[in-house]
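In the numbering used here, the protein residues as written are 1 to 256.
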């Protein structure tokens, strides 16, 4: 599976810039994406690099140097659709998915036992920390993504620290503050997970053309092929919550 994904990723980047080395093109694309450059402007800049490398028979690194530094030097206009505020709004469907997912996981033991679903102060605290972390990431997506790419060990340690902080309320605040019938909790979780999933699919399909990297001379067939590839990658991300929820709930029922 990893080999297939890697192969798809290579073929996608090589199709966009066949004369540019994969690692350089990847870093160049990431930097411009982090800057909020539109897919059209990004594709045009990458096409210029590819054309120069083809004519000069030189590597992109030899001619343009570090891809991130070169991308910054272009000072391309940013797309308002990629602003921090727009990014936060774009995350709302995923947040709805997460609410449904967490509710179903929380309710699954009670679904088997028939007991009411107890909501503790720790649950509320953990969810508040999760929402805060998502908002901070969306607002500071560029420096945090740079940290992940350039200092993965530090980024991993930071992620583990955030996860530990999220677990603290569950350990410290176990007093129930509300109880719900199992059927009500499960129905709430299913509805939120379904609404978030459908909402995110609709958003991705609507914005696919705007976010897609396109070069000036791309044919409609090339654009459609890449659009389908990007949609498939997005669908893998979107449906991971329903799949994991179904697997965990099924395992809870079978093992009870």
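Using N, Cα and C, we set each Cβ at its ideal position, and we do this for glycine too. These numbers come from a predicted model, not from an experiment.
Selection from the options that minimises the alpha carbon distance to residue i
| i | options | result |
| --- | --- | --- |
| residue 98 | 245, 255, 250 | 245 |
| residue 22 | 40, 38, 49 | 49 |
| residue 103 | 191, 87, 160 | 191 |
| residue 36 | 18, 77, 240, 55 | 77 |
| residue 240 | 202, 155, 193, 221 | 193 |
| residue 238 | 116, 202, 176 | 202 |
| residue 30 | 18, 19, 45 | 45 |
| residue 57 | 75, 19, 40, 92 | 19 |
| residue 159 | 225, 113, 250, 130 | 130 |
| residue 137 | 233, 52, 114, 89 | 89 |
| residue 234 | 135, 94, 175, 247 | 94 |
| residue 74 | 114, 197, 115, 32 | 32 |
Beta-carbon contacts of residue i that lie in its chain and below 7 Å, excluding the five residues immediately before and after
| i | result |
| --- | --- |
| residue 27 | 67, 68 |
| residue 195 | 96 |
Enclosing beta strand (DSSP E) for residue i [first to last residue]
| i | result |
| --- | --- |
| residue 117 | 117–120 |
| residue 178 | 176–180 |
Under 8 Å between C-beta atoms of residue i and residue j
| i | j | result |
| --- | --- | --- |
| residue 43 | residue 215 | yes |
| residue 171 | residue 107 | no |
| residue 119 | residue 178 | yes |
| residue 199 | residue 122 | no |
| residue 162 | residue 128 | no |
| residue 112 | residue 247 | no |
6 Å Cβ shell around residue i - same chain, five flanking residues per side excluded
| i | result |
| --- | --- |
| residue 24 | 60, 61, 67 |
| residue 110 | 117, 182 |
| residue 64 | 70 |
| residue 188 | 103 |
| residue 54 | 19 |
Close beta carbons around residue i, own chain, < 8 Å, minus the five adjacent residues each side
| i | result |
| --- | --- |
| residue 3 | Bear in mind that the predicted position of residue 3 carries a pLDDT of just 39, short of 50, making it too unreliable to give a figure here. |
Bounding residues of the alpha helix (DSSP H) (the contiguous stretch that carries residue i)
| i | result |
| --- | --- |
| residue 250 | 240–255 |
| residue 29 | 22–35 |
Original post:
Which ranges would you report for the alpha helix (DSSP H) in the segment 52–124 if only whole runs of at least 4 residues count?
Top reply: If only uninterrupted alpha helix (DSSP H) runs of at least 4 residues are considered, those enclosed by the segment 52–124 are 60–64, 67–74, 84–90, 92–113.
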